[in-house]
């Protein structure tokens, strides 16, 4: 993975700081816009997923410091 990311990271390090900051602001604005628009649906989905047996097993395994039953 490091070999794959190295050229990307090199490019980012060579980029103008102001341009990077503005790009980050543009990307973040889009993410926040969609998050604000979809908050209710995302909250409902999250609640439904956290109530599953799979989620309970994952959280229990984490607290017990073990692999979950479904982990390979």
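Residue numbers (the working numbering): 258 to 329.
Note that beta-carbon positions come from the ideal geometry of N, C-alpha and C, so glycine has one too.
None of these values were measured; they are calculated from a predicted model.
Expressed to the nearest angstrom, what Euclidean distance is found between the alpha-carbon atoms of residue i and residue j?
{"i": "residue 279", "j": "residue 263", "result": "23 Å"}
{"i": "residue 286", "j": "residue 296", "result": "15 Å"}
{"i": "residue 310", "j": "residue 302", "result": "15 Å"}
{"i": "residue 304", "j": "residue 259", "result": "36 Å"}
{"i": "residue 328", "j": "residue 318", "result": "10 Å"}
{"i": "residue 291", "j": "residue 282", "result": "14 Å"}
{"i": "residue 284", "j": "residue 320", "result": "35 Å"}
Compute the distance between the beta-carbons of residue i and residue j, then report whether it is under 8 Å.
{"i": "residue 266", "j": "residue 277", "result": "no"}
{"i": "residue 306", "j": "residue 312", "result": "yes"}
Using CA coordinates, which residue listed in the options is at the minimum distance from residue i?
{"i": "residue 315", "options": "308, 307, 329, 325", "result": "325"}
Open item on the list: Ignoring anything shorter than 4 residues, give me the alpha helix (DSSP H) runs that lie fully in the segment 262-319, in order along the chain.
Closed with: 274-307
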